[in-house]
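Remember, our numbering sits 18 above the position in the sequence shown when you count from 1.
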Amino acid sequence: MSHSAKKRAPKMARPLAELVGESIDPLVRKRGLARAELLAWWPDIVGAAYAGRTAPDRIRWSRDGSAATLVVRCDPALALQFAHETEHVRERLNAYFGYPAVGAVRIVQRPVGAPDKDPPAPPQEVAISPEMEERLKPFDEPLRASLAALARGVIARS
């Protein structure tokens, strides 16, 4: 049997992060992140509760060679809760790197994730009944306008 007649074993599938990681590493390094895989592995490092509402922003390496500081963007509503988890995140991150690369985790409160594609539609103007308009007549104009707007809001929600 000739060498060319031998059947070749099919190649095993490779993770996408392995294939594109090296090509985007230079872009990621500009932000101070050591490896692109950190972005892909972030949900595993922080867990499902924080994955979509936090993101690694950059790693600040010290000039003296000591451990770096990881800067994490975190939704403001979650920042206090996440602050209690930073030690755990640091330990998991160092386990990912395989050495104590990160000495501290700093939180920057900024929204994470893409904004909604379509902003909510403005509420449609709802008419109030003639009876309601009659009941509002005794009030002065600024108060009457406010009460009419409140009535329209209540009608729109019901």
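For each residue, glycine too, the CB sits at the ideal point set by N, CA and C.
Around V120, the same chain offers I77, A85, A86, T87, L88, R108, L111 and N112 as residues with beta carbons nearer than 8 Å, after the five sequence neighbours per side are excluded.
Residue ranges of uninterrupted alpha helix (DSSP H) with 4 or more members, entirely inside the region 82-138 and ordered along the chain, are 97-101 and 104-115. Sequence-distant Cβ neighbours of L56 in its own chain, meaning closer than 7 Å and more than five residues away, are P74. A distance below 8 Å between beta-carbons, with the five flanking residues on each side excluded, links V130 to the following residues of its chain, in chain order: G70, R71, T72, A73, R91, C92 and D93. A straight-line Cα-Cα distance of about 35 Å links Y68 and A174.
Annotated as distal: A95 and I125, with beta-carbon spacing of 7 Å or more. Your pair I146 and A166 checks out as a contact, with CB atoms roughly 6 Å apart and the cut at 8 Å. In the structure shown, R76 adopts extended strand secondary structure according to DSSP, grouped into three states.
Judged by DSSP secondary structure, S164 falls within the alpha helix (DSSP H) whose first and last residues are E159 to R175. Exposure of V144 is indicated by the presence of fewer than 16 other C-beta atoms within 10 angstroms of its C-beta. For S176 and M150, the gap between their C-alpha atoms comes out near 16 Å. Closest option to V64, judged by alpha-carbon separation, among A169, Y114 and L168: Y114.
Annotation: R71 is outside any alpha helix (DSSP H) and is labelled neither H nor E by DSSP.
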